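Engineer:
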Amino acid sequence: MSDTGAHGKLSRRTLFVRGGQGLGLLAASGLLSACGGGFSSSAGGGGGSTLTIASYGGDYQKFQAKALWGPYAAKNGLTIKEDGPSDNAKIKAQAESGNPSWDIVVVGNDFGGDADAKWLEPIDYSVIDKASIIEGYAQTYRICADVEGTVLAYRSDKTGGAAPKPWDDFFDVKKYPGKRTAWKSVGGGIFEMALLADGVAPADLYPIDVDRALKKLATIKDQLIWWETGAQAQQYLESGEAVMGMVWIARALQSAANAPIAIAWDSWLSQEAYWVVPKGTKNKAEAMKLIAHMTSAEPTAELTKYLPYGPVNVGAQDKIDPSAKDNLPTTHLDTQIKVNDVWWGDNRDAVNDRFQQWLLS
2 MSDTGAHGKL SRRTLFVRGG QGLGLLAASG LLSACGGGFS SSAGGGGGST LTIASYGGDY
62 QKFQAKALWG PYAAKNGLTI KEDGPSDNAK IKAQAESGNP SWDIVVVGND FGGDADAKWL
122 EPIDYSVIDK ASIIEGYAQT YRICADVEGT VLAYRSDKTG GAAPKPWDDF FDVKKYPGKR
182 TAWKSVGGGI FEMALLADGV APADLYPIDV DRALKKLATI KDQLIWWETG AQAQQYLESG
242 EAVMGMVWIA RALQSAANAP IAIAWDSWLS QEAYWVVPKG TKNKAEAMKL IAHMTSAEPT
302 AELTKYLPYG PVNVGAQDKI DPSAKDNLPT THLDTQIKVN DVWWGDNRDA VNDRFQQWLL
362 S
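What follows is the structure, encoded as structure tokens:
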């Protein structure tokens, strides 16, 4: 998720991360914001087709180019033009124009479902190997680019060396005194986290019981420090102002390089990036071929050298550097809590009205 609310991407650096079993070396990055303006570059060797890819910009897009489409373009004589940052409204407008300028776009959880069918081309699974993709991530109009997540990160120097359990211990201020930091975003996991801590089973989270979630949050309302950017979340943890927090995995890992911060993988909330193809592109066939490559084992494993996000291809798991593997979301799919994008798409505005009222009460 970015500091603009979509994805928290990283610039490259080497992190020594305190994982569950000790220190792991992760070739990852320092956090970056999505580009504020247009992002444009090109890669590949001309003479063949030209595709335009829109992503989030910054180092995230730079490393995507390096690991995913750059080698493919060079090998196949394909010219790649890059643009960004990605924007759902622009995808819709381009599709409605009948002549989209983007051929492949990265989107977040909030776009690309069946409700968005009129703006997107169906993913061509006669070209893309659907069986090689982790179950649930190869969908009709989108296919996962990488698996991300929101985790419980905590100051191990303030918990007596103990590991708090998500998400019960987030609400137990007697057991672990101190402020908590949480994302001030209605669909960012705060409601799911509260309900899980209140005893709701993952399978029963939806439809969200808004009253019950707000009642649970009220028990620690005076102990909550809300963050709205990934940089704020990181600052609160690293400074020790918060003893624990729900944060994006990228920010948690960066914080762990700078302070005694650890990650609890017992329960975490997933987010993903997805590839979509705007409806009406004249380069649909070539776009599907490139997506087939970008979701294959070697490129998705290569991306983990630069970004701490899980590869969606099943065959990539054995190609990942073992020192980085422990802190990739796809290593912990057994404790993953899937966010229901469809439910939030239908209910976000109404729940947000309630949430804002509660914040002011």
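Using the working numbering, the letters of the sequence shown map in sequence onto residues 2 to 362.
No residue lacks a Cβ here, since even glycine has one placed at the ideal position from N, Cα and C.
Here the structure is a predicted model, which means the values were calculated and not measured.
Could you please give the first and the last residue of the uninterrupted alpha helix (DSSP H) stretch that includes I129?
Structural biologist: For this step, residue 129 is matched to residue 128 along the sequence shown. From DSSP, I129 is part of no alpha helix (DSSP H); its letter is neither H nor E.
Engineer: Once DSSP output is grouped into helix, strand and coil, what is the label at S271?
Structural biologist: Numbered from 1 along the sequence shown, position 270 holds the residue referred to as residue 271. Residue state, collapsed to three classes: strand.
Engineer: Kindly give me the distance between the Cβ atoms of T182 and W228, rounded to whole angstroms, as I take these residues to be in contact under 8 Å.
Structural biologist: Your numbering for residue 182 matches position 181 in the sequence shown. Your numbering for residue 228 matches position 227 in the sequence shown. The pair is a contact, with the Cβ atoms about 5 Å apart (cut-off 8 Å).
Engineer: For the pair the stretch 138-149 and the stretch 174-191, tell me if three or more CB-CB distances fall below 8 Å.
Structural biologist: No, they do not touch.
Engineer: Is E136 buried or exposed, if buried means 16 or more other CB atoms sit within 10 Å of its CB?
Structural biologist: For this step, residue 136 is matched to residue 135 along the sequence shown. Result: exposed.
Engineer: Taking the Cβ atom as the reference point for each residue, do G85 and G58 lie within a distance shorter than 8 Å?
Structural biologist: As a first step, residue 85 must be located in the sequence shown, where it is residue number 84. As a first step, residue 58 must be located in the sequence shown, where it is residue number 57. Yes, Cβ-Cβ distance for G85 and G58 is below 8 Å.
Engineer: Can you name the residues that DSSP bridges to Y155?
Structural biologist: Here residue 155 corresponds to residue number 154 of the sequence shown, with the count starting at 1. Looking at the DSSP assignment, Y155 forms a beta bridge with M245 and A263.
Engineer: Quick one: measure Cβ to Cβ for L121 and P261, integer angstroms, because I've assumed they're closer than 8 Å.
Structural biologist: On the sequence shown, position 120 is the one that residue 121 refers to. On the sequence shown, position 260 is the one that residue 261 refers to. Actually they are not in contact, since the Cβ atoms of L121 and P261 sit about 45 Å apart, beyond 8 Å.
Engineer: Applying the 10 Å Cβ sphere with the 16-neighbour rule, what's the burial state of G99?
Structural biologist: Your numbering for residue 99 matches position 98 in the sequence shown. By the 10 Å Cβ count, G99 comes out exposed.
Engineer: If contacts are defined as beta-carbon pairs under 8 Å, then G281 and A96 qualify, I think. What distance do you get, rounded to the angstrom?
Structural biologist: The residue labelled residue 281 in the question sits at position 280 within the sequence shown. The residue labelled residue 96 in the question sits at position 95 within the sequence shown. Yes, G281 and A96 are in contact; Cβ-Cβ is about 6 Å, under 8 Å.
Engineer: Whole angstroms is fine: what's the gap from A66's alpha carbon to S87's?
Structural biologist: The residue you call residue 66 lines up with position 65 of the sequence shown. The residue you call residue 87 lines up with position 86 of the sequence shown. Spanning the two alpha carbons is a distance of roughly 15 Å.
Engineer: Between which two residues does the alpha helix (DSSP H) harbouring L363 extend?
Structural biologist: Past the edges of the chain, shown from 2 to 362, lies residue 363, and the structure says nothing about it.
Engineer: Measuring CA to CA, which of V352, D115, V244 and Y126 is closest to K175?
Structural biologist: Along the sequence shown, read from residue 1 onward, the residue named residue 175 stands at position 174. Measuring from the Cα of K175, the nearest candidate turns out to be V244.
Engineer: Tell me whether the beta-carbon of K180 lies closer than 8 Å to the beta-carbon of A265.
Structural biologist: Within the sequence shown, numbered from 1, the residue matching residue 180 stands at position 179. Within the sequence shown, numbered from 1, the residue matching residue 265 stands at position 264. Contact flag unset, no.
Engineer: Taking C-beta to C-beta, are L291 and W103 nearer than 8 Å?
Structural biologist: Counting from 1 along the sequence shown, the entry for residue 291 is found at position 290. Counting from 1 along the sequence shown, the entry for residue 103 is found at position 102. The answer is no: Cβ separation not under 8 Å.
Engineer: Kindly indicate which residue of Q337, V313, V108 and G346 has the alpha-carbon position closest to the one of S133.
Structural biologist: Start at 1 with the first residue of the sequence shown, and residue 133 comes out as number 132. The shortest Cα separation from S133 among Q337, V313, V108 and G346 belongs to V313.
Engineer: Tell me which residues share the same chain as W359 and place their Cβ nearer than 6 Å to its Cβ, disregarding the 5 neighbours each side in the sequence.
Structural biologist: If you number the sequence shown from 1, residue 359 lands on position 358. The residues are L215.
Engineer: Going straight from the alpha carbon of R355 to that of A164, what length do you get?
Structural biologist: Numbered from its first residue, the sequence shown carries residue 355 at position 354. Numbered from its first residue, the sequence shown carries residue 164 at position 163. For R355 and A164, the distance between alpha carbons rounds to 33 Å.
Engineer: Kindly list the residues whose CB is nearer than 7 Å to the CB of D199, restricted to its own chain and excluding five residues on each side of it in sequence; keep chain order.
Structural biologist: Looking up residue 199 in the sequence shown gives position 198. Cβ neighbours of D199 beyond the five flanking positions: R213 and K217.
Engineer: With a CB to CB cut of under 7 Å and the five nearest residues on each side skipped, what residues in its chain are close to E242?
Structural biologist: For the purposes of this step, residue 242 is taken as residue 241 along the sequence shown, with counting starting at 1. Contacts found: K180 and I226.
Engineer: Can you give me the C-alpha to C-alpha distance between S127 and A293, rounded to a whole angstrom?
Structural biologist: By 1-based counting over the sequence shown, the position of residue 127 is 126. By 1-based counting over the sequence shown, the position of residue 293 is 292. The straight-line gap from Cα to Cα measures roughly 10 Å.
Engineer: Quick check on DSSP: helix, strand or coil for V278?
Structural biologist: Here residue 278 refers to the residue found at position 277 when the sequence shown is read from its first residue. Three-state result, V278: coil.
Engineer: Using CA coordinates, which residue listed in W344, V315 and N348 is at the minimum distance from T332?
Structural biologist: Here residue 332 refers to the residue found at position 331 when the sequence shown is read from its first residue. Minimum Cα distance to T332 is reached at V315.
Engineer: Measure the C-alpha to C-alpha separation of V108 and S362 and round it to an integer number of angstroms.
Structural biologist: Against the sequence shown, residue 108 aligns to sequence position 107. Against the sequence shown, residue 362 aligns to sequence position 361. Cα to Cα, V108 sits roughly 34 Å from S362.
Engineer: Using the Cβ count rule (16 or more neighbours within 10 Å means buried), how would you classify K63?
Structural biologist: In the sequence shown, the residue the question calls residue 63 occupies position 62. So K63 ends up on the buried side.
Engineer: Among the residues of its own chain, which have a CB less than 8 Å from the CB of E287, if the five just before and after it don't count?
Structural biologist: Here residue 287 is taken as the residue at index 286 of the sequence shown, counted from 1. Answer for E287: S50, L52, L79 and D104, listed in chain order.
Engineer: What do you get for Q357, buried or exposed, if any count of 16 or more other CB atoms within 10 angstroms of its CB means buried?
Structural biologist: The residue labelled residue 357 in the question sits at position 356 within the sequence shown. So Q357 ends up on the exposed side.
Engineer: According to DSSP, is T141 helix, strand or coil?
Structural biologist: Residue mapping note: residue 141 aligns to position 140 of the sequence shown, counting from 1. DSSP places T141 in coil when its eight states are reduced to three.
Engineer: Relative to the C-alpha of S271, which candidate in K82, N110, I81 and K91 has its C-alpha closest?
Structural biologist: Taking the sequence shown and counting its residues from 1, the one referred to as residue 271 is at position 270. Among K82, N110, I81 and K91, the Cα nearest to that of S271 is on N110.
Engineer: Would a C-beta distance cut-off of 8 Å place T336 and A317 closer than the cut-off?
Structural biologist: For the purposes of this step, residue 336 is identified with residue 335 of the sequence shown, where counting begins at 1. For the purposes of this step, residue 317 is identified with residue 316 of the sequence shown, where counting begins at 1. Result no, Cβ atoms of T336 and A317 do not sit closer than 8 Å.
Engineer: Is the Cβ-Cβ distance between F340 and I209 less than 8 Å?
Structural biologist: Your numbering for residue 340 matches position 339 in the sequence shown. Your numbering for residue 209 matches position 208 in the sequence shown. The question names Phe, yet the displayed sequence has Val at residue 340. No, Cβ-Cβ distance for V340 and I209 is not below 8 Å.
Engineer: To which residues of the same chain is L197 closer than 6 Å at the C-beta, ignoring the five residues directly before and after it?
Structural biologist: Here residue 197 is taken as the residue at index 196 of the sequence shown, counted from 1. The residues are W168.
Engineer: Take M194 and list the residues in its own chain whose beta-carbon comes closer than 8 Å to its own, dropping the five residues that flank it on each side.
Structural biologist: For this step, residue 194 is matched to residue 193 along the sequence shown. Excluding positions up to five away in sequence, the list reads P167, W168, F171, A183, M247 and L270.
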